[in-house]
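Chemist:
2 protein chains.
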Amino acid sequence: MSRVTVRFEPYEIEMQVEPGTFLLDAALEAGVHINASCGGKGVCGKCRVIVESGAVEGGLSEKISEEDAAKGIRQACTSKVTEDIVVRIPTESALDKAALKALATGSSQQAQAIGSKELKAEGRFDPALTKLAVSAEPPTLDDARNDVARLLASLKKAGERHFVFDFEAIRDLPEAWRQGNWNLTTTIMRPVDTKTSRNHVIRVEPGDTTARNLAVAIDLGTTTVWAEMIDLTTGQVLGSEGNFNAQISYGEDVISRIVYAGKPGGLKRLQETATGSINDVLKALASKTKVDLSEVNLATLAGNTTMTQLFLGVEPKYIRLDPYVPAAAYYPPVRASRFGLALPDHASLLVFPSVASYVGGDVISGVMGVGMHKDPRLSLFIDLGTNGEVVVGNQDWMVCAAASAGPAFEGGGIKFGMRASKGAVENVMINPATGEPALVTVGKALPKGICGSGLIALVASLLLTGIIDERGRYDLDHVSDRVRVGEDGPEYVLAWSKDNQLDRDITLTEMDIDNLMRAKGAMYSAYMTLLEGVGLSIGDLDRVILAGGFGQSINIERAILIGLLPELPVDRFTFVGNGSMLGARLVALSNPLRAEVGDIVDKMTNFELSVAPSYMDNYTGSLFFPHTEAKRLFPETLERMRKVKEAVSQTS
Amino acid sequence: MSRVTVRFEPYEIEMQVEPGTFLLDAALEAGVHINASCGGKGVCGKCRVIVESGAVEGGLSEKISEEDAAKGIRQACTSKVTEDIVVRIPTESALDKAALKALATGSSQQAQAIGSKELKAEGRFDPALTKLAVSAEPPTLDDARNDVARLLASLKKAGERHFVFDFEAIRDLPEAWRQGNWNLTTTIMRPVDTKTSRNHVIRVEPGDTTARNLAVAIDLGTTTVWAEMIDLTTGQVLGSEGNFNAQISYGEDVISRIVYAGKPGGLKRLQETATGSINDVLKALASKTKVDLSEVNLATLAGNTTMTQLFLGVEPKYIRLDPYVPAAAYYPPVRASRFGLALPDHASLLVFPSVASYVGGDVISGVMGVGMHKDPRLSLFIDLGTNGEVVVGNQDWMVCAAASAGPAFEGGGIKFGMRASKGAVENVMINPATGEPALVTVGKALPKGICGSGLIALVASLLLTGIIDERGRYDLDHVSDRVRVGEDGPEYVLAWSKDNQLDRDITLTEMDIDNLMRAKGAMYSAYMTLLEGVGLSIGDLDRVILAGGFGQSINIERAILIGLLPELPVDRFTFVGNGSMLGARLVALSNPLRAEVGDIVDKMTNFELSVAPSYMDNYTGSLFFPHTEAKRLFPETLERMRKVKEAVSQTS
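Chains as they are written, first to last, in the numbering used here: chain A, 1 to 652; chain B, 1001 to 1652.
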């Protein structure tokens, strides 16, 4: 569907949105502030706007009288944009208006990554696992060939050759042939390299079951686990589910996990814990997509090197010890059930390869997902996560590095942090004059916490509105009563207890801000060091690819504000959402892409930041909003902050 | 060592024997009768002989006075032949002498089958599993390649390429490298087809363990299970062990096993029972050869089609139902531990392929073992066992067929039957004048039962001496008190209670004889029918290859007497002992031979006896000693029987 235009008055801001977008989301995206404290649930009734031309869907409630409705007044949070419209935001004063106008950007962004549609278009929709229905004449005394020979003949007739049978397939074959009255369906695992490997018949079923061929793609993150149910027949993603990685209770980052793995029984426990978390997600996914896990024929898994080795039960300690050596780049296809996954015995697990101890399958899969390894443009790939990874390069060369950002981006180590599930504040905008926030939560529920993207938007807004300074310290003289000193020191009240799901106020402390500062600092210094290492600078970048579970919902302009992302034109940024998830999905969907993984691994050179002298300097410089060298690196950001301050100073 | 000559007087019989052969064994082999009732233990003192020239080793006891000893008198059962000798057998009378002379044949035979020596000579000693010790430089920050990459580089330096790593090998690699201080040993599984398959690294161990590379070869028979411990480094067989297949309690032949497998939980129980029997044998084998089973890297298994499917838990019922279709000819290498074998996880199990429902791995392995598929001579291959199998052919073609002989050959269904273990009577000769037997037991112990070869020798002797007639009925008027009517009807006392390990007499009943009659009849009619089917006859055969667990110890001349083997010159017979065992062993020792298995399977055509009209006629004709058409098929045998009868008639 083509996008529609929303014009926000009195700010003269226009932006393009997908039809069906909620007006409040569109406004926050555009940097247009509308008071809204209930997260978009439609109960606070503060987000009143006037639709001056065109019409929206919904937006009415008992909070809006008939005559108001007749005047075009609607609630922004429950109004869906379906056509070109002009809306007016009521403002208390002209000065307030000036301040708010200074905030507005009108920037809009959209995600893009290869999907099954593109693969089909390119003729590369060729799943590792295919189903083939065949039939045969029943045996006679003159033709008493064994059941396998009969099947091979039928496959040959279908133009299929070079097979190896998994034992289970042979075991099930006699009954499959006869129950299906000499019609059966073979599930075939295609090798990546057809020259040195053969097709594997991993399963036989009576009759024709080709309509149903399912795979699960798993992203095993340090903090969260995600999984998608994929229909390999259509290439369609039937649904996805996620949850925390229960290993968190044994340490928040990979280092502490590796340390724990060194304790007696530690590795085994971490292995079982990872399996348990994945199984919980798979079960939730199965019920959500109405699938029985016994129907799943294939699983793909991508994670960072440590997560991969912990899941497979491979001793991880040498990842942590100089010179940081992982066990392997590639793992053979393994039987999913052998690692305790709640999948049938015949289901294979394809594990994504790693490049280095701190550059794992998550990065490679992300790089593959955006085709960075085949693109002439110079790209910076950033995987935001507890373990941040960055890649710089193009079709000819790639260098990568890793930085431990800590769990802040995924809500970890933040007082009211949570992952991006229902009720998590994912976008925020603060009125610089009043300090009142506009909130949007995941699922438009009453707020119950803050997820990564919400955290970034919040800190950016606090910075832009001068509620915090460049060091992340609160201005306790601020007019808003939301700025106060709580039990953990200075804090900002994002949602009063009455406006949220908890029995207390949801706040952001300076400690939370420090955590985010360190996280963004680690990321920024990582790619700065990497760029310097190859003699390049931010300006040379043709595009920046943003991956990471929460990347999708980040507002780039706000991420630049805090110095997490480099100051570049917004249109140079691309989102790929969860890189691991993307890669795991694509590997299930496309054997050609699976083959390319090898090229990527071979092409990529790892850069050990811990031995790069400039890293610590870059890091120190980054422990500031947006950066100690903002004049050089964030000139426009500084200018925006100045403008807003100026406008606010006039209002007060 | 070159053989030595033994001349038996007064019969003017000479024969060649291996140095170290016991004189009693040599005599019985030559058909020379010497009284001996204790099975060769040396306690009955009856087997006195006079060494007239040359000397023997041992043969003295308190039963032989000094002056007797001085005269050269020795006990045959404890005398070892070490040089050319002339011995005189004391005889009661000249007539007795005539009768005994009529018995004597002087025939001798020797086994021959490919062993590691021949393989080495042919340059085909190339085990499926090899060990390779490699070393590497420790990693540094400049060379932080992963552990697998480092190993691949070392292997490449050693001239090795194209590897796939089993997951376990990767899992164990980090510790193996470091515990071995960057020296380790890889256990490599070679593919049969190096074009379409790669080498598998199935195990890594710290340091250099190449000196020890063990495999077990398993023969899973319907009645008995045998296993050998093989040193793949030297090709030496360290030892072998055997026992009954505990599945016997669920049916003596394959048909009744298949029927049992059809009952609820039946297949599972049979699978577990087979595994249990194999494990018992493996454990006995391990302690016998002082090996820890965890050191075993490879297992090979050969059995008939039904045994194979039962062991693997593959539904066997279609083997039994017209048109008798097995599940598969080939099985992929499987993980031995998956089927409950007491072997380490990394150990692969190579399962021998089958040709048809009743022509399985046991036959193919035997055929391969004697190289019948590469020999221009027309050969008849006979695998004697509960399920007898026969193959006729040469390098250009092969036809095979199966016949259910029942367990008689392995001591099953015989009142005092037992397998060829210590105390089993394995050879017998009866004095036609007195009816007194000369016994040799396995391990020269007091008798405790009769094994297959002993049974054949006994019945042959009873026939030759006229104690039973051509229908297998006892001559109750015989002078010997050993012929009597027992609780099960007429019987012959082979060993009195006082001369055996039991608390009662060891006898052979007419029922026992009938069982043997049916068994030999099934075999004879099988190969007769097969030969007729391809327009050939016994006379066309260049050689007869005899396989089967007990084949080794069969006396050919006596087997011909009862009509189990065709009447041909003794020198046309070749023994290969246990065919399955041989094949299982060779597959472990030689990948080239493993590759040939496919050729054999493809070359062999199965002949369904159940639909061959002439089979029943042949069978009926065979239910007679030696055969109803003895004049045509066993002329010389008839002549011998006549001669002995005549001699005996003169004595009485």
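Ideal Cβ placement from N, Cα and C applies to all residues, glycine included.
1. Can you give the Cα-Cα distance for L285(A) and G1266(B), rounded to whole angstroms?
2. Please give the ranges of any alpha helix (DSSP H) in the stretch 1205–1289 of chain B, keeping only runs that are unbroken, at least 4 residues long and fully inside the region.
3. When burial is assigned at 16 or more other CB atoms within 10 Å of the CB, is T1234(B) buried or exposed?
4. Classify R632(A) as helix, strand or coil using the three-state DSSP reduction.
5. Are the CB atoms of V1440(B) and G1039(B) within a distance shorter than 8 Å?
6. Have a look at R1572(B) and G1371(B) and give me their C-alpha separation to the nearest angstrom.
7. Quick one: what does DSSP say N35(A) is sitting in, helix, strand or coil?
8. How many Å lie between I1064(B) and I1073(B) at the Cα?
9. Is Y11(A) near the ligand COA, going by C-beta to nearest heavy atom under 7 Å?
10. Taking C-alpha atoms, which residue in I1248(B), S1287(B), K1283(B) and K1288(B) lies nearest to L1270(B)?
11. Could you check how far apart the C-beta atoms of T1210(B) and V1254(B) are, in whole angstroms? I think they sit under 8 Å.
12. Using a Cβ-Cβ cutoff of less than 7 Å, which residues in the same chain neighbour S1135(B) once the five nearest sequence positions on both sides are dropped?
13. Among all the DSSP beta bridges, which residues are the ones paired with R7(A)?
14. Spell out the partners DSSP gives I1382(B) in its beta bridges.
15. Hey, how far is the Cα of G388(A) from the Cα of D1126(B)?
16. Take the Cβ of Q1075(B) as the centre, count every other Cβ of all protein chains shown within 10 Å, and call the residue buried at 16 or more, exposed below.
17. So, using beta-carbon positions, are E1410(B) and G1449(B) closer together than 8 Å?
18. Against Y615(A), what residues of chain B qualify as contacts under a CB-to-CB distance less than 8 Å, listed in chain order?
19. Does the beta-carbon distance from G1579(B) to A1612(B) come in below 8 Å?
20. If you draw a straight line from the alpha carbon of I1218(B) to that of P1592(B), how long is it in whole angstroms?
21. Kindly list, in the order they appear in chain B, the residues whose Cβ is closer than 9 Å to that of L312(A).
22. Using CA coordinates, which residue listed in L1232(B), L1321(B) and K1288(B) is at the minimum distance from G1262(B)?
23. With a cut-off of 8 Å, does the C-beta of T196(A) fall near any C-beta of chain B?
24. Can you check which of these residues, R1335(B), V1017(B) and T1605(B), is closest to D143(A) by C-alpha distance?
25. Please work out which residues of its chain come closer than 7 Å, Cβ to Cβ, to L462(A), disregarding the five sequence neighbours upstream and downstream, and give them in chain order.
26. Taking the DSSP output, what are the residues bridged to P1490(B)?
27. Hey, could you find the ends of the alpha helix (DSSP H) E1315(B) is sitting in?
28. Helix, strand or coil for R1335(B), going by three-state DSSP, please let me know.
29. Is the beta carbon of E1057(B) sitting closer than 8 Å to the one on K1080(B)?
30. Check whether the stretch 1154–1170 of chain B touches the stretch 331–339 of chain A, taking contact to mean three or more Cβ pairs, one atom from each stretch, closer than 8 Å.
31. 8 Å is my cut-off, CB to CB: does N146(A) come that close to chain B?
32. Exposed or buried, what is K268(A) when buried is set at 16 or more other beta-carbons lying within 10 Å of its beta-carbon?
33. Measuring alpha carbon to alpha carbon, tell me which of T1305(B), P1316(B) and G1393(B) ends up nearest F1352(B).
34. Output, in sequence order along the chain, the residues in the stretch 1504–1520 of chain B whose CB is closer than 7 Å to any CB in chain A.
35. Strictly by DSSP, which residues pair up with H1200(B)?
36. Are A661(A) and T273(A) close, meaning C-beta to C-beta below 8 Å?
Modeler: In terms of the structure at hand:
1. Here residue 285(A) refers to the residue found at position 285 of the first sequence. Here residue 1266(B) refers to the residue found at position 266 of the second sequence. Their backbone Cα atoms lie some 38 Å apart in a straight line.
2. 1254–1261 and 1266–1288
3. Residue 1234(B) sits at position 234 when you count from the first residue of the second sequence. Exposed is the call here.
4. By one-based count along the first sequence, residue 632(A) stands at place 632. Reduced to three states, the DSSP call for R632(A) is helix.
5. Within the second sequence, numbered from 1, the residue matching residue 1039(B) stands at position 39. Within the second sequence, numbered from 1, the residue matching residue 1440(B) stands at position 440. In this structure, V1440(B) lies closer than 8 Å to G1039(B) by Cβ.
6. For the purposes of this step, residue 1572(B) is taken as the residue at position 572 of the second sequence. For the purposes of this step, residue 1371(B) is taken as the residue at position 371 of the second sequence. Going by the C-alpha atoms only, they are around 16 Å apart.
7. Taking the first residue of the first sequence as position 1, residue 35(A) is located at position 35. Looking at N35(A) - three-state DSSP - the assignment turns out to be coil, as it is neither helix nor strand.
8. To locate residue 1064(B), count along the second sequence from 1; it is residue 64. To locate residue 1073(B), count along the second sequence from 1; it is residue 73. Answer to the nearest angstrom: the Cα atoms are 7 Å apart.
9. No copy of the ligand COA occurs in the structure displayed, which carries no ligand at all.
10. Position 270 of the second sequence holds residue 1270(B). Closest by alpha carbon: I1248(B).
11. Residue numbering aside, residue 1210(B) sits at position 210 when the second sequence is read from its first letter. Residue numbering aside, residue 1254(B) sits at position 254 when the second sequence is read from its first letter. With 8 Å as the limit, T1210(B) and V1254(B) do not qualify as a contact, their Cβ atoms being about 41 Å apart.
12. Locating residue 1135(B) in the second sequence gives position 135, counting from the first residue. Excluding sequence neighbours, S1135(B) sits near S1154, W1182 and N1183.
13. Residue mapping note: residue 7(A) aligns to position 7 of the first sequence, counting from 1. DSSP output for R7(A) lists E14(A) and V86(A) as bridge partner(s).
14. Start at 1 with the first residue of the second sequence, and residue 1382(B) comes out as number 382. The partner list for I1382(B) (beta bridge, DSSP) reads V1390(B) and L1546(B).
15. Along the first sequence, one-based indexing puts residue 388(A) at 388. Along the second sequence, one-based indexing puts residue 1126(B) at 126. Using only the alpha carbons, I get a separation of about 50 Å.
16. By one-based count along the second sequence, residue 1075(B) stands at place 75. By the 10 Å Cβ count, Q1075(B) comes out buried.
17. Here residue 1410(B) refers to the residue found at position 410 when the second sequence is read from its first residue. Here residue 1449(B) refers to the residue found at position 449 when the second sequence is read from its first residue. No, the pair does not count as a contact, with Cβ atoms beyond the cut-off.
18. The residue given as residue 615(A) occupies position 615 in the first sequence. Under the 8 Å cutoff, chain B gives no residues; its nearest Cβ is about 14 Å from Y615(A).
19. Residue mapping note: residue 1579(B) aligns to position 579 of the second sequence, counting from 1. Residue mapping note: residue 1612(B) aligns to position 612 of the second sequence, counting from 1. No, the pair does not count as a contact, with Cβ atoms beyond the cut-off.
20. Within the second sequence, numbered from 1, the residue matching residue 1218(B) stands at position 218. Within the second sequence, numbered from 1, the residue matching residue 1592(B) stands at position 592. Answer to the nearest angstrom: the Cα atoms are 20 Å apart.
21. Indexing the first sequence from 1 puts residue 312(A) at position 312. The answer, in chain order, is F1167, I1170 and R1171.
22. Counted from its first residue, the second sequence places residue 1262(B) at position 262. The shortest Cα separation from G1262(B) among L1232(B), L1321(B) and K1288(B) belongs to L1321(B).
23. On the first sequence, position 196 is the one that residue 196(A) refers to. Output row for T196(A): interface = yes.
24. Translated into the one-based positions of the first sequence, residue 143(A) becomes position 143. Looking at the Cα atoms, T1605(B) is the closest of the given residues.
25. Locating residue 462(A) in the first sequence gives position 462, where the first residue counts as 1. The answer, listed in chain order, is I430, I468 and Y492.
26. In the second sequence, the residue the question calls residue 1490(B) occupies position 490. DSSP lists V1485(B) as partners of P1490(B).
27. Locating residue 1315(B) in the second sequence gives position 315, where the first residue counts as 1. Premise fails: E1315(B) is in no alpha helix (DSSP H) and is neither H nor E.
28. Residue numbering aside, residue 1335(B) sits at position 335 when the second sequence is read from its first letter. R1335(B) falls in the strand class under three-state DSSP.
29. Taking the second sequence and counting its residues from 1, one reaches residue 1057(B) at position 57. Taking the second sequence and counting its residues from 1, one reaches residue 1080(B) at position 80. Yes, these two residues count as a Cβ contact at 8 Å.
30. yes
31. Residue numbering aside, residue 146(A) sits at position 146 when the first sequence is read from its first letter. Yes, contact with chain B.
32. Along the first sequence, one-based indexing puts residue 268(A) at 268. With fewer than 16 Cβ atoms within 10 Å of its Cβ, K268(A) is classed as exposed.
33. As a working mapping, residue 1352(B) is identified with position 352 in the second sequence. The option with the nearest alpha carbon to F1352(B) is T1305(B).
34. none
35. As a position in the second sequence, residue 1200(B) is number 200, starting the count at 1. DSSP, once it has assigned bridges, lists V1164(B) and M1189(B) as partnering H1200(B).
36. Residue 661(A) is absent from the structure shown; chain A starts at 1 and stops at 652.
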